[in-house]
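Chains as they are written, first to last, in the numbering used here: chain Z, 1 to 551; chain Y, 552 to 649. Note that CB positions come from ideal geometry on N, CA and C, so glycine has one too.
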C-alpha cells in the first residue's frame, strides 16, 4: 500500500457509507404492495415525477466516465474533445419529440424494454431479440467503464489492489438487488448534488489559483503548438483543423442519436410518471450539459497546472483519464478532494446500477420470457431480472480486473456505433409501420458489419494502435481526395437505413407477410390518466393490445 | 433551470388500482384520434439549436473572446441556455396537444 491519504479517505468513506444506507433504504421509499413485479423492481413503480426524473436521468446520462473522459480528451486533443457540448445540446430537442411517443405506447401496452415495443410494433420476436441483444452488448462495456472511473479514484486515494473495487461492487449489487431502480433514483440526488458542488467550486476556485482563464487557454495553446503538426503529431489545437469539422459535427450528432437508444436511458424515460414529465425534463436537463461544458475545460486547467498523466500499469503508457483526479488532488484541500473523489465514485454507481437493471430487463423480457419460459409470472420475471443484474455486474467486474481497461474503452467506442443500428427499428418504428421486419434485420446486419469493420480498420500509429484507434473514418480511404473525416456510426446507420428502405420496397412488392402490429396510432399519444393507461400491468397490456380490432 | 421542473404541481392521474370498465375503452381511445398529433409548427423551433451548433465553420475561431474565453467555447456554451428557452417555448405552446 502506497501512501494513503487519510483525510481524503475518511471523507470519501463517509459519503460512500451514506449512499450505501440510502441504497438499502430505497426499497421502502414509495413502498409498493409488492416488489415482485418488473414495473416495481425494474421501473421503480413507473411513477417518478419531474424532479426525481430530472435527477435520475441526469445521474444516468452524465456518468462518472463522462466526467473523467471528456476533460481527458480536451487535455489531449483540445477543441475536438469539446464535441460533448454540441452533443448534449442537440440531444434534448430530438428526444423531446420522440420519447413521449415511446412513453405512451409503452404505458398503453405495459412494455418494460425497447425490445418489447419492437416486438409489438413489428410483430417479430426475431427482430426484438436482435434489438435486445444489441442493447445488452452495448451496455456491458459501459458498465465496465463505470468501474474504471471508481478504480481511478481509488488509485488517487493511494490504495492499491482490486479489493476495494470488489467491495464497492458487492455493495452496489446487493442494494440494486433489493431495491431495484429505486436505489439509483434515490442515490442520484446525492450524486448530482455532489457533482454540481464540485464542478462549480472547481471552475471558480481553480482558475483563480492558475491566474485566470486567459493564462489557462494560453498554457493549453502553448502545449498544442509544441507538438508537431499531423501526420507526425496529434491533430490538436484550441480550435478544430478545417478537415476535422465534419468529424466534429457528425460525432456530436451521431452520439446524440445514440444516447437515448441505450437501454439505460429508456429505462429512466419509462419510469417517468407522465409524458409531460419527460417533456419538461428535456427543457431542464441541459443544466447538466452546462456543467459538462465547464467540466470539459478542467482539461485545460490540468495543462495549466502542469499535471502529467499517471502511467497505466497494464499498458505501461500514460493514461489521460487520470488527469482530473490528479488535478483535484493537487489543487483542492484534502477534505474537498475527498468530496470530489466521492462525487466521481458515486457518479459511477448510479449509472452502473441503472445499466445493469436495463440489461437485466432486456434479458428477462426478450430472452427468458420469449424463449425459455413463455408463461413466466410477473413475480418470476422480477426474480430473473434481479439475478441477471447480479450476473451482468459480476461480468463487468471480471472484464475490468482481468483485462486491460483500454479494452473496455475500445468496447464502449464500439458500443455507440452498435446501439445506433437499433435506430431504424426503434425510432422510425415509433412513426411508421411501413418498414418490413426482415428488411430491418437486414439493415441492422449491414450496419453492424460495416460499422465494426470500419472501426477495426482505424489505426493510429502515434499511439501504436493498429485497430479500434478511434471512431473517425478518413474519407480518402474510399478514394475521395480529401482530408475530411466522418463519424463511423453515422455512416453505418446510413447504410443500415438504405438497406431497410430498399429491402422493405422489395419485400412489400413480393407481398411477404409484414407481421401483426398490436399497437394503434392513438396509443402513441396517450397520457397518464387516459383510459387504459394508468391501471395497466404488463400482462393486461398485451391482452388489451392484441384483443383490439385494427383501424 | 431546475426550477422549470417544479414551477407547477404535477397532475397525477387516478390511482393505479382505478377500475376502468373495459367496455368503454375503445370509444374513448378512438375519440382521441380526431385530435391533430405532433404536427405543431412550433416544433420547428427545436431544429434551431441543431443548426446553431452542428456547423462548426460558423464558430471555429478564437476571436472575439469573452472574458478571456475563445469564441469557439463561449459560443457553444451560449447555445445551452438558448436551447433551453426554445424548448420551454415549444413545451408551453404545444401543451395539451399530443
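Only 273, 274, 275, 276, 277, 279 from the stretch 265–279 of chain Z bring a Cβ to less than 9 Å from some Cβ of chain Y. Relative to residue 309 of chain Z, the option among Z:291, Z:330, Z:295, Z:289 whose CA is nearest is Z:330. Rounded to the nearest whole angstrom, the C-alpha separation of residue 173 of chain Z and residue 270 of chain Z is 22 Å.
One alpha carbon belongs to residue 106 of chain Z, the other to residue 112 of chain Z, and they sit about 7 Å apart. Annotated as proximal: residue 347 of chain Z and residue 63 of chain Z, with beta-carbon spacing under 9 Å. For residue 486 of chain Z, the enclosing beta strand (DSSP E) starts and ends at 485–487.
Restricting attention to Z:104, Z:12, Z:18, Z:72, the CA atom closest to the CA of residue 431 of chain Z is found in Z:104. In terms of beta-carbon proximity, residue 615 of chain Y stays away from the interface with chain Z, with every pair separated by 9 Å or more.
If the five residues before and after residue 482 of chain Z are omitted, its C-beta is found closer than 8 Å to the C-beta atoms of 243, 475, 476, all from its own chain and listed in chain order. In the DSSP assignment, residue 473 of chain Z falls within the beta strand (DSSP E) that extends over 472–474. In this structure, DSSP gives residue 78 of chain Z an extended state, which the three-state scheme calls strand. Interface criterion not met: the Cβ of residue 489 of chain Z is under 9 Å from no Cβ in chain Y. The beta carbon of residue 189 of chain Z sits closer than 7 Å to those of 55, all from its chain and outside the five residues before and after it, given in chain order. In chain order, 611, 612, 613, 621, 623 make up the part of chain Y whose C-beta sits under 8 Å from the C-beta of residue 239 of chain Z.
For residue 592 of chain Y, no CB of chain Z lies under 9 Å from its own CB, so it is not counted at the interface with that chain. Taking the beta carbon of residue 142 of chain Z as reference, no residue of chain Y falls within 7 Å; the closest one sits roughly 24 Å away. Cβ atoms of residue 298 of chain Z and residue 86 of chain Z stay farther apart than 8 Å, at about 18 Å. 9 Å or more divides the Cβ of residue 439 of chain Z from the Cβ of residue 519 of chain Z. Secondary structure note for residue 514 of chain Z: it is in no alpha helix (DSSP H), with a DSSP letter that is neither H nor E. If only complete runs of 4 or more residues are kept, the stretch 269–332 of chain Z shows the alpha helix (DSSP H) at 275–284, 286–296, 298–304, 323–331, in order along the chain. In the DSSP assignment, residue 617 of chain Y forms a beta bridge with Y:620. Not a single C-beta of chain Y is nearer than 9 Å to the C-beta of residue 472 of chain Z. Among the residues facing chain Y, residue 293 of chain Z is included, as its CB has a counterpart in that chain under 9 Å away.
Taking a cut-off of 8 Å for Cβ pairs, the stretch 483–499 of chain Z and the stretch 463–475 of chain Z touch, as three or more such pairs fall below it. Counting along the chain, the unbroken alpha helix (DSSP H) around residue 87 of chain Z starts and ends at 84–109. Rounded to whole angstroms, the separation of the alpha carbons of residue 182 of chain Z and residue 199 of chain Z is 26 Å.
Short of 8 Å from the beta carbon of residue 613 of chain Y, and not among the five residues preceding or following it, lie these beta carbons of its own chain, in chain order: 621, 622, 623. With contacts defined by Cβ atoms closer than 9 Å, residue 37 of chain Z and residue 531 of chain Z do not form a contacting pair. Around the CB of residue 525 of chain Z, 16 or more other CB atoms lie within 10 Å, so the residue is classed as buried. With a cutoff of 9 Å on beta-carbon distance, residue 252 of chain Z and residue 90 of chain Z are scored as near each other. When the beta-carbon positions are compared, residue 158 of chain Z and residue 9 of chain Z come within less than 9 Å of each other. Looking from the CA of residue 148 of chain Z, the closest CA among Z:184, Z:278, Z:349, Z:469 belongs to Z:349.
Along the stretch 197–230 of chain Z, going in chain order, the ones with a CB nearer than 7 Å to a CB of chain Y are 212, 213, 214, 217. Residues of chain Y whose Cβ lies closer than 9 Å to the Cβ of residue 75 of chain Z do not exist, since the nearest Cβ in that chain is about 15 Å away. Counting of Cβ neighbours within 10 angstroms places residue 34 of chain Z among the exposed residues, the total staying below 16. Going by DSSP, residue 355 of chain Z is part of the alpha helix (DSSP H) stretching over 334–363.
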